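Written out below as structure tokens is the structure these notes cover.
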């Protein structure tokens with residue numbers, strides 16, 4: 002529920018800043034490592050927006066793959082089974098996760 006609360010809070014700020022009176026959609030990027038179950042997020046979203054300008058809007062979730070940056074050569078890549086979770090450039094296993102951990106509000110669609 003905390004991801005949903007944060008997304009709704011950010012959306013409400015954007016709605017006020019842009020003087021929107023009707024919102025039809027929230028577009029959210031969901032990282033593969035965020036630990037989000039889409040069905041539960043959707044259910045929590047419907048509950049969180051009840052009685053607000055967001056009521057009746059849809060929550061669109063776009064998956065975001067995990068990305069890593071190699072500590073040895075600086076290459077950014079998607080670690081997976083196909084590359085044995087190694088850097089595809091230098092084959093190093095030393096890397097840092099740089100993307101795919103968060104839930105990010107990308108856009109508020111409305112008028």
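In the numbering used here, the protein residues as written are 2 to 112.
Ideal Cβ placement from N, Cα and C applies to all residues, glycine included.
Because the structure is a prediction, the values reported are computed rather than measured.
Give the straight-line distance between the Cα atoms of residue 108 and residue 4, rounded to the nearest whole angstrom. As a first step, residue 108 must be located in the chain shown, where it is residue number 107. As a first step, residue 4 must be located in the chain shown, where it is residue number 3. Their Cα atoms are separated by approximately 15 Å.
Measure from the alpha carbon of residue 99 to the alpha carbon of each residue in 77, 38, 27, then state which is nearest. Indexing the chain shown from 1 puts residue 99 at position 98. The option with the nearest alpha carbon to residue 99 is 77.
For a quick check, are the C-beta atoms of residue 110 and residue 26 less than 7 Å apart? Mapped onto the chain shown, residue 110 falls at position 109. Mapped onto the chain shown, residue 26 falls at position 25. Yes, the Cβ-Cβ distance between residue 110 and residue 26 is below 7 Å.
Can you check DSSP and say which residues form a bridge with residue 96? To locate residue 96, count along the chain shown from 1; it is residue 95. In DSSP, residue 96 forms a bridge with 71.
What residues are listed by DSSP as bridge partners for residue 62? Here residue 62 corresponds to residue number 61 of the chain shown, with the count starting at 1. BP columns for residue 62 point to 29.
At least three beta-carbon pairs within less than 8 Å, the segment 66-76 to the segment 86-98: yes
Is there contact here, the segment 5-13 with the segment 28-48, by at least three beta-carbon pairs under 8 Å? yes
So, residue 64 versus residue 38, is the Cβ gap smaller than 7 Å? By one-based count along the chain shown, residue 64 stands at place 63. By one-based count along the chain shown, residue 38 stands at place 37. The beta carbons of residue 64 and residue 38 sit no closer together than 7 Å.
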